[in-house]
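Okay, structure first, notes after.
2 protein chains.
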Amino acid sequence: MTSDESREPVLDAVVASPRPTIVDVAEAAGVSRQTVSNALNRPDKVASETLERVLREIERLRFTPHASAQQLRRRRASAYGFEVNPSGHRRLGHILDEFLVQLTVSAPSHASHLVAFAPDPDDVIAGYQQILASGLVDGFVLADTRHADPRPPWLLERNVPFVSFGRLWDLPELTRWVDVDGRAGVLQAVRHLAEAGYAQIGWLGWPTGSPVGDDRRQGWADGISGLGVSGDAPTAEAVQDLDEATGAAARLLDRLGPDAAVVCASDLLALGVLRAARNRGLEPGRDVGVVGFDDTDVAAAMQLTSVHQPVAEAARSAWDMLVGPVSTPGPVLLEPFLTVRASSRRDPTGLEGAGTRATPEHGWADDPPGTRH
Amino acid sequence: MTSDESREPVLDAVVASPRPTIVDVAEAAGVSRQTVSNALNRPDKVASETLERVLREIERLRFTPHASAQQLRRRRASAYGFEVNPSGHRRLGHILDEFLVQLTVSAPSHASHLVAFAPDPDDVIAGYQQILASGLVDGFVLADTRHADPRPPWLLERNVPFVSFGRLWDLPELTRWVDVDGRAGVLQAVRHLAEAGYAQIGWLGWPTGSPVGDDRRQGWADGISGLGVSGDAPTAEAVQDLDEATGAAARLLDRLGPDAAVVCASDLLALGVLRAARNRGLEPGRDVGVVGFDDTDVAAAMQLTSVHQPVAEAARSAWDMLVGPVSTPGPVLLEPFLTVRASSRRDPTGLEGAGTRATPEHGWADDPPGTRH
DNA sequence: CCCTCTCGTATGAACGTTCAAGTCGCTACT
DNA sequence: AGTAGCGACTTGAACGTTCATACGAGAGGG
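Line by line, the protein sequences are chains A and B.
If you read the first sequence in this note's numbering, its first letter stands for residue 799, the second for the next number, and so on.
If you read the second sequence in this note's numbering, its first letter stands for residue 799, the second for the next number, and so on.
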């Protein structure tokens, strides 16, 4: 209203290109810095008329708060570190890459962003220490938690916020994780195969001892006993390597009767089954059912039925847990779903192509009526 | 030397946990803020004795400069945006994911870091605009440049630093890109197949019109004519889809004589050839040579010879171009290399497993004596 | 009528650096 | 001898916010 105390050369138009500051907006709207700040951060504290005027000026001047200044003053980066690995063990499947993408997609709704970093493999903790000490990030999203992982204890000790994608098997008292219920996924696979009419369902997994692998195998065991199909339920083991898998699959097929199916702990292992089957003239789907795990693009390419992880939902949960109130979520265990393709269909529907699709093809849309526990 | 003007309670030990600031270091070393700053940023401006003392205190107090404060004062974020996409077209191969990882690995040596962001697909530019206006990033690394991509002109107009992974086909005057010489890669593949003794070498590519695909095809054409193998050199086309590829491959095989080989524009297309070959009882490698492109993990899994892109080197070049002096690099075109697997070996060496390896297996170590133009 | 309370807004200071412009002492040129 | 120049270091200010606090006006209570 009273607008004649500013005697400096007031220009109506946006003068130069240098980014406008909060002070420019304040002057233009005839209020103080703080009111502009409030208009953005605590709109309820500003009289509605003033608020409107300020917001109008913000729009007109195309003002965007300067992130570094906010970070400095707020003493918070609103950023989180995500460790990426020069794919030594970039096994089949970029679940983690996809997880990073989904985290990034969800970041804005938490007024945060992600900073990628690659610690020295010889001293991973130092990498975390450094990026944290610089104030570049407030915390971390862990993925690919190893057995006896040094990171969770280290972070815990320093009170650094973090969340893990993948259960913290070593630290049962910790609840800040999201994971996908591998057991439930494999259970679904077993039921699906039983319904499809396969006479016998075997398991091809990793050597016992890996928590993830054991969990998935448990799903198979539960499925088998639940069906009462019991009788004979052969299993085989192979490490994550195609040749090994092919060999193990061949031996497994020897022990399975006709019309059998195999559920696998990974798409790569499943690939081994496909290969072993073809080697003896069996057509996947028609002659032997095969189901993989992870729904990698290889699975899509090979028309392999596979258990799909709801990565987008996992990312959302991770954010909630990371930035939400300390009280909120507890651990989250998500139910995966099956992407059915030709490798588990006995009917010859898909013969002209390579299989029809009952489920969203690439699956990447993610998250059906996603269930959570 | 003179150390008795500080009368405040001087504590020798690190007192509280709040992060030490440059002032704490200054006091501890008996110098001014600016000298500490200089010790870190312009060591040549500091007397060696003082320098040593300051650095010692920095170490002792575990001082790390506060990134936000630096960014604010320097008016530079030393950060660059990298757009990630919710993998609609996450076709076979995570070249881009791997590129992101390698960029991240190289970031520290340029005193920079990467911020991932996912713009609204309906207004990509707005996403760039916003993250830029907030001062969170100084520039961008583009990847997956589309035809008629709006981003390069937009960035150019605003003088925003950027570099592209992938040629800027639309803007020949722009030189700030790194790319992999697809033509040269395919040429290598053709020569390799000829040496291996395949009688005839066909091409399975994408429909004409995509710059990348046409470039790769040119490598095949060059290879064929260079070898004088000429005569009959059939080609076929398919879009990036396994069924299409399998069909096209079948038709292509019909037109090829015995002992022929096929070079493909992608691993997925090559997968189609493998499949078509097996459908008619041909053993890849022994009966028909197959080479793919991208050296995805699918290629590794299927023992498919493939052209490997030196992604790590590409990332390094991208950084050089992005943060280096305006004068430096010009465009960089990197030579890919061939990862040879069973699918292009006529001898039966690999029969017990699935093929022996002449080249670093997973290839991810990247970058042989990487050649650059 | 005075006192207290609340609401809306304003002011000074601070966050932790680096820039720009000093000061001081010494050397070396004219 | 005067002074310009240089090297080593210091000081005030600024970067653009938000925190903590203060202020003034009006409402409500005794």
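Don't be surprised by glycine CBs; every beta carbon is placed ideally from N, CA and C.
Beta-carbon neighbours of Q1107(A), restricted to chain B and to distances below 9 Å | Along the first sequence, one-based indexing puts residue 1107(A) at 309. At a C-beta separation below 9 Å, Q1107(A) has no neighbours in chain B, since its nearest C-beta there lies roughly 14 Å away.
Hey, does H908(B) have any beta-carbon neighbour from chain A nearer than 8 Å?
-> Against the second sequence, residue 908(B) aligns to sequence position 110. Using a Cβ-Cβ cut-off of 8 Å, H908(B) does not count as an interface residue toward chain A, since no Cβ of chain A sits closer than that to its own.
H990(A) - containing alpha helix (DSSP H), residue span = Looking up residue 990(A) in the first sequence gives position 192. It spans G980 to A994 - the alpha helix (DSSP H) in which H990(A) sits, taken as one unbroken run.
So, does the CB of A827(B) fall closer than 8 Å to a CB anywhere in chain A?
-> What you label residue 827(B) is simply residue 29 of the second sequence in a count that begins at 1. No, its Cβ sits nowhere closer than 8 Å to a Cβ of chain A.
Using CA coordinates, which residue listed in L1002(B), P1056(B) and P863(B) is at the minimum distance from R1078(B)?
-> In the second sequence, residue 1078(B) corresponds to position 280, counting from 1. Among L1002(B), P1056(B) and P863(B), the Cα nearest to that of R1078(B) belongs to P1056(B).
Determine the DSSP secondary structure at A1140(A), reduced to helix, strand or coil.
-> Start at 1 with the first residue of the first sequence, and residue 1140(A) comes out as number 342. In the structure shown, A1140(A) falls within a helical segment according to DSSP collapsed to helix, strand and coil.
Looking at C-alpha atoms only, which residue of P906(B), R1114(B) and Q832(B) is the closest neighbour of V1130(B)?
-> Here residue 1130(B) refers to the residue found at position 332 of the second sequence. For the set P906(B), R1114(B) and Q832(B), the Cα lying nearest the Cα of V1130(B) is the one of R1114(B).
According to the neighbour-count rule (16 or more other Cβ atoms, all chains shown, within 10 Å of its Cβ), is G1017(B) buried or exposed?
-> In the second sequence, residue 1017(B) corresponds to position 219, counting from 1. By the beta-carbon neighbour count (other beta carbons within 10 angstroms, threshold 16), G1017(B) is buried.
Presumed contact (8 Å Cβ cut-off) between A1036(A) and L1002(A), rounded CB distance | Mapped onto the first sequence, residue 1036(A) falls at position 238. Mapped onto the first sequence, residue 1002(A) falls at position 204. Indeed they touch by this definition, with Cβ atoms about 7 Å apart.
Buried or exposed for Q986(A), please, with buried defined as at least 16 other CB atoms from any protein chain shown within 10 angstroms of its CB.
-> Along the first sequence, read from residue 1 onward, the residue named residue 986(A) stands at position 188. So Q986(A) ends up on the buried side.
Which of helix, strand or coil DSSP assigns to H908(B) = In the second sequence, the residue the question calls residue 908(B) occupies position 110. Residue state, collapsed to three classes: helix.
The beta strand (DSSP E) with A1034(A) in it runs from where to where?
-> If you number the first sequence from 1, residue 1034(A) lands on position 236. From DSSP, the beta strand (DSSP E) with A1034(A) extends over T1033 to E1035.
First through last residue of the beta strand (DSSP E) which encompasses V1060(A) | Position 262 of the first sequence, counting from 1, holds the residue named residue 1060(A). Segment A1058 to C1062, the beta strand (DSSP E) holding V1060(A).
Starting from G933(B), find everything on chain A with Cβ-Cβ shorter than 7 Å and list it in chain order.
-> Start at 1 with the first residue of the second sequence, and residue 933(B) comes out as number 135. Within chain A, the C-beta atoms nearer than 7 Å to that of G933(B) come from H864, A865 and S866, in chain order.
Should R1006(B) be labelled buried (16 or more other beta-carbon atoms within 10 Å of its own) or exposed?
-> Mapped onto the second sequence, residue 1006(B) falls at position 208. The residue you asked about is not Arg; residue 1006(B) is Thr in the sequence shown. In this structure T1006(B) is exposed. Its beta-carbon is surrounded by fewer than 16 other beta-carbon atoms within 10 angstroms.
Selection from G828(A), T819(A), M1100(A) and D1145(A) that minimises the alpha carbon distance to E993(A) = The count along the first sequence starts at 1 and reaches residue 993(A) at position 195. Comparing alpha carbon positions, the residue from G828(A), T819(A), M1100(A) and D1145(A) closest to E993(A) is D1145(A).
Cβ shell of T1103(B) (< 6 Å), same chain only, five flanking positions each side left out = What you label residue 1103(B) is simply residue 305 of the second sequence in a count that begins at 1. The residues are V1089, V1138, R1139, S1141 and S1142.
According to the neighbour-count rule (16 or more other Cβ atoms, all chains shown, within 10 Å of its Cβ), is P1108(A) buried or exposed?
-> As a working mapping, residue 1108(A) is identified with position 310 in the first sequence. Residue environment: P1108(A) is assigned as buried (16 or more neighbouring CB atoms within 10 Å of its CB, all protein chains considered).
Taking only beta-carbon atoms, is L1050(B) less than 8 Å away from chain A?
-> Translated into the one-based positions of the second sequence, residue 1050(B) becomes position 252. Not one chain A Cβ lies under 8 Å of L1050(B).
CB A1074(A) to CB A1048(A), shorter than 8 Å?
-> To locate residue 1074(A), count along the first sequence from 1; it is residue 276. To locate residue 1048(A), count along the first sequence from 1; it is residue 250. Yes, the Cβ-Cβ distance between A1074(A) and A1048(A) is below 8 Å.
Got a sec: which bits of the segment 829 to 850 of chain A sit with their beta carbon under 7 Å from any beta carbon on chain B, in order along the chain?
-> Along the segment 829 to 850 of chain A, none of the residues has a CB nearer than 7 Å to a CB of chain B.
Cβ shell of L966(B) (< 7 Å), same chain only, five flanking positions each side left out | For the purposes of this step, residue 966(B) is taken as the residue at position 168 of the second sequence. Listed in chain order, the non-local C-beta contacts of L966(B) below 7 Å within the same chain comprise T943, P950, L972 and W975, local neighbours out to five positions each way being set aside.
Secondary structure, beta strand (DSSP E): runs of 3+ residues fully inside the segment 933 to 977 of chain B = Counting only runs of 3 or more, we get 937 to 941 and 960 to 963.
Chain A contact residues for V899(B), given Cβ-Cβ distances below 9 Å | Counting from 1 along the second sequence, the entry for residue 899(B) is found at position 101. Correct list: V882, N883, P884, S885, R888, D895, A914 and A916.
Rounded to the nearest angstrom, how far is the Cβ of V939(A) from that of A1116(A), given a contact under 8 Å?
-> One-based indexing of the first sequence puts residue 939(A) at position 141. One-based indexing of the first sequence puts residue 1116(A) at position 318. Right, their Cβ atoms sit about 6 Å apart.
Since I believe R981(A) is in contact with D947(A) (beta carbons under 8 Å), could you give me their beta-carbon distance rounded to a whole number of angstroms?
-> Within the first sequence, the letter at position 149 stands for residue 947(A). Within the first sequence, the letter at position 183 stands for residue 981(A). So it is not a contact: roughly 21 Å between Cβ atoms.
Give a yes or no on whether 8 Å exceeds the smallest Cβ distance from A987(A) to chain B.
-> Along the first sequence, one-based indexing puts residue 987(A) at 189. It does not: the Cβ of A987(A) has no partner Cβ on chain B nearer than 8 Å.
Can you give the Cα-Cα distance for I999(B) and P1009(B), rounded to whole angstroms?
-> As a first step, residue 999(B) must be located in the second sequence, where it is residue number 201. As a first step, residue 1009(B) must be located in the second sequence, where it is residue number 211. When rounded, the distance between both Cα atoms is 22 Å.
Separation of A1110(A) from V988(B), as counted between CA atoms | Position 190 of the second sequence, counted from the first residue, corresponds to residue 988(B). Position 312 of the first sequence, counted from the first residue, corresponds to residue 1110(A). Cα-Cα distance, rounded: 42 Å.
Select from A931(A), D1052(A) and L1050(A) the residue whose C-alpha is nearest the C-alpha of H864(B).
-> As a first step, residue 864(B) must be located in the second sequence, where it is residue number 66. With distances taken between CA atoms, H864(B) lies nearest to A931(A) out of A931(A), D1052(A) and L1050(A).
Using a Cβ-Cβ cut-off of 8 Å, state whether R817(B) counts as contacting chain A.
-> Reading the second sequence from its first residue, position 19 is the one you call residue 817(B). Residue contact check for R817(B) against chain A: a CB pair falls below 8 Å.
Output the distance between the C-alpha atoms of V1071(A) and T1044(A), rounded to the nearest integer angstrom.
-> Within the first sequence, residue 1071(A) is the residue found at index 273, counting from 1. Within the first sequence, residue 1044(A) is the residue found at index 246, counting from 1. T1044(A) has its alpha-carbon roughly 6 Å from the corresponding atom of V1071(A).
Which residues bound the beta strand (DSSP E) around S1104(A)?
-> Position 306 of the first sequence, counted from the start, is the residue given in the question as residue 1104(A). Boundaries of the beta strand (DSSP E) around S1104(A): T1103 to H1106.
Mind reading off the beta-carbon distance from S910(B) to A877(B)? Whole number of angstroms is fine, and I expect it under 8 Å.
-> Here residue 910(B) is taken as the residue at index 112 of the second sequence, counted from 1. Here residue 877(B) is taken as the residue at index 79 of the second sequence, counted from 1. Rounded, the Cβ-Cβ distance is 6 Å, consistent with contact.
Per-residue DSSP class, three states only, for A877(B) = On the second sequence, position 79 is the one that residue 877(B) refers to. Here A877(B) carries a strand assignment [DSSP, helix/strand/coil].
Could you check if H945(B) is buried or exposed, using at least 16 other CB atoms within 10 Å of its CB as the buried criterion?
-> Here residue 945(B) corresponds to residue number 147 of the second sequence, with the count starting at 1. Answer is exposed; the Cβ neighbour count stays below 16.
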